[in-house]
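Numbering (the numbering used here), first residue to last: 726 to 976. All residues carry an ideal CB built from backbone N, CA and C; glycine is no exception. In this text the structure is predicted, and so the values were computed from the model without any measurement.
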Ligand code: 13P
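This is the structure in structure tokens:
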């Protein structure tokens with residue numbers, strides 16, 4: 726019942742022309758499947774152009790972050806209302822790189838989720854433990870705290886349109902992927918947490934993506950796990966051929 730959801734997070738990569746070329750390739754690849762939801766998240770600089778290329782194609786376009794206020798004196802920031810106005814359907818919130826390098830906190834993540842729903846944008850909420858936390862046996866404790874704080878006062882009725890992305894920090898850009906078993910164990914745990922915070926129906930509807938060195942060679946095994954509903958992909962989403970292979974993982 727949960728449609729597979731393959732998303733490319735381009736991070737701070739690709740000039741405008743390169744972004745448009747990749748968007749065109751994604752458009753073609755996504756046009757060859759009707760079983761998978763596809764999303765790309767370009768930089769702010771390329772967002773308008775990519776939206777134009779992908780208009781009416783069914784490929785969703787996300788921003789990589791947002792501010793929680795609708796407007797105001799927040800130099801450098803972009804609001805969810807502005808993203809909606811441009812035509813974005815989604816926004817990535819709480820990516821570990823934002824937490825690590827830009828001081829994003831659980832409280833900000835929560836405010837941004839509320840701002841996304843206020844503007845009618847769908848949040849992809851990232852959580853993940855560091856290697857140190859995993860080795861200390863704190864993985865579930867850390868993830869529970871992150872997700873519970875992120876979802877504070879988020880209504881059950883809006884939850885089915887929220888996506889959770891489990892991205893173990895130690896697997897991001899390192900080439901080290903969580904094994905399908907490790908990822909499944911966490912995803913199943915998160916689904917139980919969602920059932921506790923909300924109910925079974927919400928837990929069964931929310932899609933949980935895995936992120937961290939997903940590539941054509943491991944996507945099939947990961948996606949075969951019952952609680953892994955998609956992938957949030959960095960490096961392998963930057964090349965047309967590898968992202969195309971990810972989109973077509975089930976073919
Ligand atoms: P990589 O696929 O490059 O490990 O990045 C994962 C990620 O952070 C996606 O948001």
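Looking at the backbone, the Cα of residue 900 and that of residue 888 are separated by about 24 Å.
Looking from the CA of residue 907, the closest CA among 953, 761 and 870 belongs to 953. Boundaries of the alpha helix (DSSP H) around residue 920: 905-922.
Short note on residue 837: C-beta not closer than 8 Å to any heavy atom of the ligand 13P. Residue 885 carries a helical assignment under DSSP once its states are collapsed to helix, strand and coil. In the three-state reduction of the DSSP assignment, residue 932 falls in the strand class, which pools E and B. Put simply, the backbone Cα of residue 934 is about 23 Å away from that of residue 809. The count of Cβ pairs closer than 8 Å, one atom from the region 817-828 and one from the region 858-865, stays below three, leaving the stretches out of contact.
In the DSSP annotation of this structure, residue 974 is not part of any beta strand (DSSP E), being labelled neither H nor E.
Between residue 811 and residue 772, the beta carbon gap of about 6 Å places them in contact (Cβ cut-off 8 Å).
Taking 8 Å as the upper bound for CB-CB distance, residue 766 and residue 734 are in contact here, some 5 Å apart. Remark: the shortest separation between the CB of residue 889 and any heavy atom of the ligand 13P does not fall under 8 Å.
As summarised for the region 728-808, the continuous alpha helix (DSSP H) elements at least 4 residues long and confined to that stretch are 741-756 and 769-779, given in chain order.
Rounded to whole angstroms, the separation of the alpha carbons of residue 796 and residue 879 is 22 Å.
The beta carbon of residue 944 is closer than 7 Å to those of 956, 971 and 974 in its chain, skipping five residues each way along the sequence.
When DSSP states are grouped into helix, strand and coil, residue 849 belongs to the strand group.
Collapsing the DSSP output to three states places residue 900 in coil. Within the same chain, Cβ atoms closer than 8 Å to the Cβ of residue 782 are found at 752, 755 and 756, the five residues on either side in sequence being excluded. Here residue 876 carries a coil assignment [DSSP, helix/strand/coil]. Distance from the Cα of residue 835 is smallest, within the candidate group 886, 897 and 877, for 877. In this structure, residue 791 sits away from residue 732, with a CB-CB distance that is not shorter than 9 Å. With a threshold of 8 Å, the Cβ atom of residue 961 counts as near the ligand 13P, since some heavy atom of the ligand is closer than that.
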